[in-house]
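Participant: Residue numbers (the numbering used here), protein chains in the order written: chain A, 4 to 259; chain B, 3 to 305. All C-beta atoms, glycine included, are put in the ideal place defined by N, C-alpha and C. If you scroll down you'll find the structure; I have some questions about it.
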């Protein structure tokens, strides 16, 4: 196990992905905006009218913070599983890049930073939805953008490990069924995890999405999150340990 | 100082030795061929030279830089044409060159000046803004070659550059490579087309089982290992076989399926014999590199 060896040569990798994204920027941003809008509209208003306030907060406001975390998690996960895997394995894009002065560490750090960028774009789209729907408007909302980046880093690190281990696309279904879906349902996106049985609450507390939500929910209400440092540290650790593991595993894969 | 200097290079994968104590010296401006059947260790050798994999033992220097410790710096001056096309399908022809140039740290202005010349060299100017999916196999190879030249490399490494191309496309690539050799570029190519090696390479090494088994100029290898005349008796060989066994018409004879390969210094006697039997199809030709290759690596299939 070795630490990543960063260099500025990750920038052309990031720019490569940006150039591809720019070709599809309009549908991509529209998807980022439309999906969470419909979720918040349908569940927030539809389900929200049937529900009492949660800790004194209207359901749609409660849901907005969860949606931000959930959508950002998905954005980072899809980018670092399917898109990264196709560049690594199917299109052999990384293979071509490795014949230039760019190293594998540069490539993976480039992918990592790009996926964070995409998460932030997705966070910005949801922030816009929150403002358009009039769910909240306060100065603390601006912090949702760096938070989206942090959530992106966390789930990118984890997803890159899966990509490093994947023999094919089908492998990712395990990760969705065993990690992403349980997190979506157990970490307080749609309801407070305090409603869960005690055992599930303990599991939920260990999962990174819970820490993301603990940060997002107070920010939507214009408050400073409590245990700020702990939550930030947990997300950072998941991201950096994931990145480090992914670099080691992908290196092994490429040297075979 | 040679451009590429390799001593005692060994690479193992588990119990399998892909490269076994290889020595190589490639001088500046030389076109050097690495020949061998499938699994001979050609691609592994190239990956070792590029620092993409690490050797178990041995020393490599390229342009005086030790590999792999200074592989990144050394790759600044190397252009690579890989065996399998890996052009970026998300981009057009021009974008492929521009994005690749950025990996070398080239700025927009330099690239804008350079790309039209490369497109011209690869005869792809009319396809400048086409997507990769619309290119033929030959066009893709030409673009891959142009891409390998984006950093104006001193050393070009080509892994089976014409595999899968039709004769027209192949000749076009050969012509471009000769052109680059004339410009003074050092070229290292792997191939299993003997014609390609014979036409392009100043010197070559034949590998088998990761080991170097012969080295020299194509002419020297042919005269060293093979009699100058070859007669291939293609069909109805049985009728003459008996005669051939009775009298020494040729120096050496080999059977491969229906065909008899006869190697000799003086072909006249055998030709006279064959002319008596008009039903027999035969081919009289000078010895070539393929004969050397088959003699040294055998006729068995390598899958």
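Do you know offhand how far residue 52(B)'s Cα is from residue 77(B)'s?
Facilitator: The residue you call residue 52(B) lines up with position 50 of the second chain. The residue you call residue 77(B) lines up with position 75 of the second chain. So the alpha carbons of these two residues sit roughly 7 angstroms apart.
Participant: Look at the alpha carbon of residue 174(A) and the alpha carbon of residue 14(B), and state the distance between them as a whole number of angstroms.
Facilitator: Taking the first residue of the first chain as 1, we reach residue 174(A) at position 171. Taking the first residue of the second chain as 1, we reach residue 14(B) at position 12. Rounded to the nearest angstrom, the two C-alpha atoms are 30 angstroms apart.
Participant: Go ahead and pull the three-state DSSP assignment for residue 204(B).
Facilitator: Sequence index remark: in the second chain, residue 204(B) carries index 202 (1-based). Coil, per DSSP.
Participant: Can you name the residues of chain B whose CB is closer than 9 angstroms to the CB of residue 252(A)?
Facilitator: In the first chain, counting from the first residue as 1, residue 252(A) sits at position 249. Correct list: empty, because the minimum Cβ distance to chain B is about 16 angstroms.
Participant: Checking 8 angstroms against the spacing of the C-beta atoms, do residue 58(B) and residue 214(B) come in under that value?
Facilitator: Along the second chain, read from residue 1 onward, the residue named residue 58(B) stands at position 56. Along the second chain, read from residue 1 onward, the residue named residue 214(B) stands at position 212. The answer is no: Cβ separation not under 8 angstroms.
Participant: Please identify the residue among 287(B), 247(B), 236(B) whose C-alpha is closest to the C-alpha of residue 281(B).
Facilitator: Indexing the second chain from 1 puts residue 281(B) at position 279. Among 287(B), 247(B), 236(B), the Cα nearest to that of residue 281(B) belongs to 236(B).
Participant: Quick one: what does DSSP say residue 128(A) is sitting in, helix, strand or coil?
Facilitator: Numbered from its first residue, the first chain carries residue 128(A) at position 125. DSSP places residue 128(A) in helix when its eight states are reduced to three.
Participant: Between 61(A), 204(A), 169(A), which has its C-alpha nearest residue 137(A)'s C-alpha?
Facilitator: Here residue 137(A) is taken as the residue at index 134 of the first chain, counted from 1. Answer by Cα proximity: 61(A).
Participant: Name the two residues that bound the continuous beta strand (DSSP E) containing residue 59(B).
Facilitator: Along the second chain, read from residue 1 onward, the residue named residue 59(B) stands at position 57. Start and end: 59-64.
Participant: Do residue 134(B) and residue 91(B) have their beta-carbon atoms positioned less than 8 angstroms apart in this structure?
Facilitator: On the second chain, residue 91(B) is found 89 positions in, with the first residue counted as 1. On the second chain, residue 134(B) is found 132 positions in, with the first residue counted as 1. The answer is yes: Cβ separation under 8 angstroms.
Participant: Check whether the segment 240-253 of chain A touches the segment 145-160 of chain A, taking contact to mean three or more Cβ pairs, one atom from each stretch, closer than 8 angstroms.
Facilitator: Enough Cβ pairs lie closer than 8 angstroms, so yes.
Participant: Please list, in chain order, all residues of the same chain as residue 82(A) whose beta carbon is under 6 angstroms from its beta carbon, the five residues on each side excluded.
Facilitator: Counting from 1 along the first chain, the entry for residue 82(A) is found at position 79. The answer, listed in chain order, is 118, 121.
Participant: Quick one: any contact between the segment 221-236 of chain A and the segment 86-93 of chain A, if contact means 3 or more CB pairs under 8 angstroms?
Facilitator: Because the criterion of three Cβ pairs below 8 angstroms is not met, the segment 221-236 of chain A and the segment 86-93 of chain A do not touch.
Participant: What residues from chain A crowd round residue 55(B), counting only those whose CB sits closer than 7 angstroms?
Facilitator: The residue given as residue 55(B) occupies position 53 in the second chain. Those are 258, listed as they occur along chain A.
Participant: List the residues of chain B that residue 95(A) touches, going by C-beta distances under 7 angstroms, in chain order.
Facilitator: By one-based count along the first chain, residue 95(A) stands at place 92. Those within 7 angstroms of residue 95(A) in chain B are 86, 88.
Participant: Listing by chain order, which chain A residues have their CB less than 8 angstroms from the CB of residue 77(B)?
Facilitator: Along the second chain, one-based indexing puts residue 77(B) at 75. Result: 102, 103, 104.
Participant: Among 161(B), 102(B), 113(B), which residue has its Cα nearest to the Cα of residue 96(A)?
Facilitator: What you label residue 96(A) is simply residue 93 of the first chain in a count that begins at 1. Of 161(B), 102(B), 113(B), the residue nearest in Cα terms is 102(B).
Participant: Could you confirm whether any beta carbon from chain A is found closer than 8 angstroms to the beta carbon of residue 265(B)?
Facilitator: Locating residue 265(B) in the second chain gives position 263, where the first residue counts as 1. No - not a single Cβ of chain A is within 8 angstroms of the one on residue 265(B).
Participant: If the cut is a Cβ gap below 8 angstroms, which residues of chain A does residue 72(B) touch?
Facilitator: Within the second chain, residue 72(B) is the residue found at index 70, counting from 1. Result: empty, since nearest Cβ-Cβ is about 11 angstroms, beyond 8 angstroms.
Participant: Of all the beta strand (DSSP E) runs that stay within the bounds of the segment 126-190 of chain B, which reach a length of 3 or more residues?
Facilitator: DSSP runs (the beta strand (DSSP E)) wholly in the segment 126-190 of chain B: 157-161.
Participant: Among 291(B), 222(B), 257(B), 104(B), which residue has its Cα nearest to the Cα of residue 234(B)?
Facilitator: As a position in the second chain, residue 234(B) is number 232, starting the count at 1. Among 291(B), 222(B), 257(B), 104(B), the Cα nearest to that of residue 234(B) belongs to 257(B).
Participant: Alpha carbon to alpha carbon, how far is residue 152(B) from residue 83(B)?
Facilitator: Counted from its first residue, the second chain places residue 152(B) at position 150. Counted from its first residue, the second chain places residue 83(B) at position 81. Straight-line Cα distance between these residues: approximately 12 angstroms.
Participant: Measure from the alpha carbon of residue 169(B) to the alpha carbon of each residue in 146(B), 148(B), 197(B), then state which is nearest.
Facilitator: Reading the second chain from its first residue, position 167 is the one you call residue 169(B). Of the candidates 146(B), 148(B), 197(B), the one whose C-alpha sits nearest the C-alpha of residue 169(B) is 197(B).
Participant: For residue 186(A), tell me which candidate among 208(A), 172(A), 147(A) has the shortest Cα-Cα distance.
Facilitator: For the purposes of this step, residue 186(A) is taken as residue 183 along the first chain, with counting starting at 1. Residue 208(A) is the option with its Cα nearest to residue 186(A).
Participant: Just the chain A side, please: which residues come within less than 9 angstroms of residue 58(B) by C-beta, in chain order?
Facilitator: The count along the second chain starts at 1 and reaches residue 58(B) at position 56. Within 9 angstroms Cβ-Cβ: nothing; residue 58(B) doesn't reach chain A, min ~12 angstroms.
Participant: Quick check: is the beta carbon of residue 15(A) nearer than 8 angstroms to any beta carbon in chain B?
Facilitator: Counting from 1 along the first chain, the entry for residue 15(A) is found at position 12. So yes, residue 15(A) belongs to the interface.
Participant: From the DSSP output, read off the bridge partner residues of residue 8(B).
Facilitator: Here residue 8(B) corresponds to residue number 6 of the second chain, with the count starting at 1. BP columns for residue 8(B) point to 26(B), 62(B).
Participant: For residue 211(A), which three-state DSSP category applies?
Facilitator: On the first chain, position 208 is the one that residue 211(A) refers to. Helix.
Participant: So the beta strand (DSSP E) residue 37(B) belongs to, where does it begin and stop?
Facilitator: Position 35 of the second chain, counted from the first residue, corresponds to residue 37(B). Per DSSP, residue 37(B) belongs to the beta strand (DSSP E) from 33-37.
Participant: What number of angstroms, rounded off, separates the C-alpha of residue 146(A) from the C-alpha of residue 130(A)?
Facilitator: Sequence index remark: in the first chain, residue 146(A) carries index 143 (1-based). Sequence index remark: in the first chain, residue 130(A) carries index 127 (1-based). Rounded to whole angstroms, residue 146(A) to residue 130(A) spans 10 angstroms at the Cα level.
Participant: What do you reckon, are the CB atoms on residue 211(B) and residue 88(B) nearer than 8 angstroms?
Facilitator: Residue 211(B) sits at position 209 when you count from the first residue of the second chain. Residue 88(B) sits at position 86 when you count from the first residue of the second chain. No, the pair does not count as a contact, with Cβ atoms beyond the cut-off.
Participant: Leaving out five residues before and five after residue 193(B) in sequence, what residues of the same chain have Cβ atoms less than 7 angstroms from its Cβ?
Facilitator: Locating residue 193(B) in the second chain gives position 191, where the first residue counts as 1. The residues are 35, 37, 162, 199.
Participant: Between residue 235(A) and chain B, is the shortest Cβ-Cβ distance under 8 angstroms, so that the two count as touching?
Facilitator: Sequence index remark: in the first chain, residue 235(A) carries index 232 (1-based). So no, residue 235(A) is outside the interface.
Participant: Going along the chain, which residues of its own chain have a beta-carbon closer than 7 angstroms to the beta-carbon of residue 165(A), five neighbours each way excluded?
Facilitator: Locating residue 165(A) in the first chain gives position 162, where the first residue counts as 1. Excluding residues within five positions, the ones whose Cβ falls inside 7 angstroms are 84, 175, 178.
Participant: Check whether the Cβ of residue 160(B) lies closer than 8 angstroms to any Cβ atom in chain A.
Facilitator: Reading the second chain from its first residue, position 158 is the one you call residue 160(B). It does not: the Cβ of residue 160(B) has no partner Cβ on chain A nearer than 8 angstroms.
Participant: Comparing the C-beta of residue 173(A) with each C-beta of chain B, is any distance below 8 angstroms?
Facilitator: Indexing the first chain from 1 puts residue 173(A) at position 170. Chain B contact via Cβ: absent.
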